[in-house]
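Participant:
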Amino acid sequence: MLSVVRVHLPSDIPIVGCELTPYVLLRRPDSSLISHDIPQSNPIHHSFLTYKWYRIQSDRKVAICSVHPSEQATLQCLGCVKAKIPVAKSYHCSPKCFSDAWQHHRVLHERAASAVNENGNEEEEIFGRFNSTGSGVNTSLTSLQSSGSLTNGTTPLYPVAVTQRNGGETWFEVGRSKTYTPSADDIGHVLKFECAVIDVETKLPVGHASTVLTSRVIPAPSPTPRRLISVSGVDIPVHLDLDSCLSSSGTFTVLSYNILSDAYATNELYSYCPSWALSWTYRRQNLLREIVGYRADIVCLQEVQSDHFEEFFAPELDKHGYQALFKRKTAEVYSGNINTVDGCATFFRRDRFAHVKKYEVEFNKAAQSLTEALVPSAQKKTALSRLVKDNIALIVVLEAKFNNQGVDNPGKRQLVCVANTHVNVHQELKDVKLWQVHTLLKGLEKIAASAEIPMLVCGDFNSVPGSAPHALLAMAKVDPMHPDLAVDPLSILRPATKLMHQLPLVSAYSSFARMPAVRGLEKQRRRMDPSTNEPLFTNCTRDFIGTRDYIFYSADSLTVESLLELLDEESLRKDTALPSPEWSSDHIALLAEFRCKPRTRR
């Protein structure tokens, strides 16, 4: 017979909406160990496994702190209750917690008041609230009521089973599959997982069931929603209905986001982030909610692991109408599991665009060609060691399905070329970064020469504003006296006059800096660096805060209509950095809305 050796959960803090998948270690009769599922339909050694999940309902009522969701709340902000802000956001674990969070918390009050004054009701924003129902915890702390039947995982509906316990506690059975996804009804309650070995013939348990208890279920933290702000001078609602608005207006939106690969999200690098918020089971759901909430027409993601693309992002975003394309980094340098190699993923809404062509740029191959052509034989090995870093770019040509109003030739195809890249991270390799960006731009020039096509260049360039790669992108050339050019041990950047291109690229977020000082843009202008016309930061950790991510567009064929607002210190917890429970990457998402300019007849 089989026996259960050990049962444990990846994290003992369950979060609403994040699937719990226990690890069950079994011993065979021959003492070998296995960990796979054994259903009744496919038993082994005359045994199969059954699972049950229970919610432990106590007479003691518990509210959860909105700032530190693993802590029990001790006070409530009555201003939130009066303003009808979701009640879960009103709780705090201590006076110090409330005081420290006030700069962030008061924004909720201001927005609620503004929404009531302007609209008569609370506005919905482009990035909707995650836990807006307020049903998990309420001001009177009355106990939650269970429904008469339930479902979770793939288990069909069945009646709730109740087992009474001592000490005023009741166990409600809430699931019968191996996995369980906590709901709002579970907030504040402990969950229990039970695994039993069942004899095939008698259908009776063999030995005692193995159990594990979680800590109290916490709500998924909800960051302050980010608004879409007009920069075209045309008043637009911040709660854009993209499905109806964009299809008639001829505009489209593009999102660029480095989501932080799970392979890099270690406790050593991000010790300030709670371990439960750093776990992939939590982050993937939080990232998905955020990405889907932006409802972008084109989504460019960086640091997407191969296995996560295949098993999670591609199928999940397919449910929301997106077609997916992926380019994994090459693995000449990487020595780990090939399935965890990250890359760039580009998604587009099938109802808005059709796929025309895909180009893959492997900088390793470009390095091979470069060294063959320019580097002496004795230096080839050294040159390749410096240039071969596995970075890639994914270029996609799409055809718009929507009507572009104002075009002189309405029957002509409207194409858009979207480049998605992640440039090398090592700051000492300034020559490699610049060479990679230059190589990408030269490839895009060839595409532009073959067709009249708007260009979008998105990604994490690992280059701050004012650096040589940024100058090449934004100014189409690099000053020969730029200090970055001093780092060129392979002489691949000489002469400096070759570091140029013909694409009329402009950074989308520089629109905030170029706009006149009008009401509503003051905050965004304060979040921009006036010396570079770029955001003050797109990457925020304890060790670094600055801008590394950009959306560039061809200004001769596209105009920027609106931009997703930038974050500042009020939007981030002042006692932490990214990633955090609210934001699951160390980068922030950038999103721009574009309109194609009318083409002139030739």
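Mapping of the sequence shown onto the working numbering: position 62 corresponds to residue 81, and the numbering continues sequentially without gaps. Here a beta-carbon is modelled for each residue, glycine too, at the ideal position from N, C-alpha and C.
#1: How about V35 and P293: are their beta carbons less than 8 Å apart?
#2: Candidates L540, C559, R567 and T560: which alpha carbon is nearest T551's?
#3: Could you tell me which of R74, Y378, A402 and F556 sits nearest to Q387, measuring between CA atoms?
#4: Which residues does DSSP list as the beta-bridge partners of E213?
#5: Under the three-state reduction of DSSP, which class applies to N305: helix, strand or coil?
#6: State the DSSP-derived secondary structure class of F382, mapped to helix, strand or coil.
#7: Between the region 456 to 476 and the region 336 to 355, do three or more beta carbon pairs fall short of 8 Å?
#8: Can you tell me where the alpha helix (DSSP H) with Q342 in it begins and where it stops?
#9: Which residue marks the beginning of the alpha helix (DSSP H) containing I466, and which one marks its end?
#10: Write down the C-beta distance between L463 and A487 rounded to the nearest angstrom, noting that I regard them as a contact closer than 8 Å.
#11: Could you tell me which whole alpha helix (DSSP H) segments of length 4 or greater appear in the region 492 to 520?
#12: Decide yes or no for the touch test of the region 481 to 500 against the region 274 to 283: beta carbon pairs closer than 8 Å, at least 3 of them.
#13: Any idea what DSSP makes of G631, helix, strand or coil?
#14: Sort N61, V126 and S396 by Cα distance to L586 and report the nearest one.
#15: I'd like to know if the region 322 to 334 and the region 357 to 364 are in contact, where contact means that at least 3 CB-CB pairs between them fall below 8 Å.
#16: Going by other Cβ atoms of all chains shown within 10 Å of its Cβ, with 16 needed for buried, is F563 buried or exposed?
#17: Per DSSP, Y42 is paired with what?
#18: Along the chain, where does the alpha helix (DSSP H) containing T629 start, and where does it finish?
#19: Report the CB separation of W295 from I32 in whole angstroms; it is logged as a contact under 8 Å.
#20: Span of the beta strand (DSSP E) holding L583?
#21: Under 6 Å Cβ to Cβ from V318, same chain only, skipping five residues before and after it: list those, please.
#22: Beta-carbon separation of A611 and A527 under 8 Å?
#23: Spell out the partners DSSP gives D218 in its beta bridges.
#24: I want to know whether the region 54 to 70 touches the region 207 to 222 - three or more CB-CB distances under 8 Å.
#25: Rounding to the nearest angstrom, what Cα-Cα distance links M547 and W602 in this structure?
#26: On a CA-only basis, which of T560, D479 and I414 is nearest E287? Give me that one, please.
#27: Can you tell which of L597, F571, D605 and R533 has its C-alpha closest to the C-alpha of S249?
#28: Please state whether DSSP places Y289 in a helix, a strand or coil.
#29: Is it true that the CB of I466 sits closer than 8 Å to the CB of C436?
#30: Taking its Cβ as the centre, do 16 or more other Cβ atoms sit within 10 Å of G362, making it buried, or is it exposed?
#31: Does A470 pass the burial test, meaning 16 or more other C-beta atoms within 10 Å, or should it be called exposed?
#32: Report the start-end ranges of each alpha helix (DSSP H) in the region 101 to 129 that is 4 residues or longer and not cut off at the edges.
#33: Under a three-way DSSP split, which group does Y313 fall into?
#34: Spatial neighbours of Q455 within its chain, please: C-beta separation below 7 Å, excluding the five flanking residues on both sides.
#35: How far does the beta strand (DSSP E) with E418 in it reach, from first residue to last?
#36: Let's test the definition: count the other Cβ atoms within 10 Å of the Cβ of T97 and tell me whether it reaches 16, buried, or not, exposed.
Facilitator: Looking at the coordinates:
#1: no
#2: R567
#3: A402
#4: K71 and T230
#5: helix
#6: helix
#7: no
#8: From DSSP, Q342 is part of no alpha helix (DSSP H) but of the beta strand (DSSP E) over Y341 to R347.
#9: K449 to S469
#10: With a Cβ gap of about 18 Å, L463 and A487 do not count as contacting.
#11: none
#12: no
#13: With the chain represented from 20 up to 621, any question about residue 631 goes unanswered, as that position is not in the structure.
#14: V126
#15: yes
#16: exposed
#17: H27
#18: The shown model of the chain, from 20 to 621, leaves out residue 629, and the question about it has no answer.
#19: 4 Å
#20: L577 to L583
#21: L274 and F366
#22: yes
#23: S66
#24: yes
#25: 21 Å
#26: T560
#27: R533
#28: coil
#29: yes
#30: buried
#31: exposed
#32: 114 to 119
#33: helix
#34: F382, N410, V442 and N443
#35: I411 to A419
#36: The sequence given here has Leu at residue 97, not Thr. Flag for L97 reads exposed.
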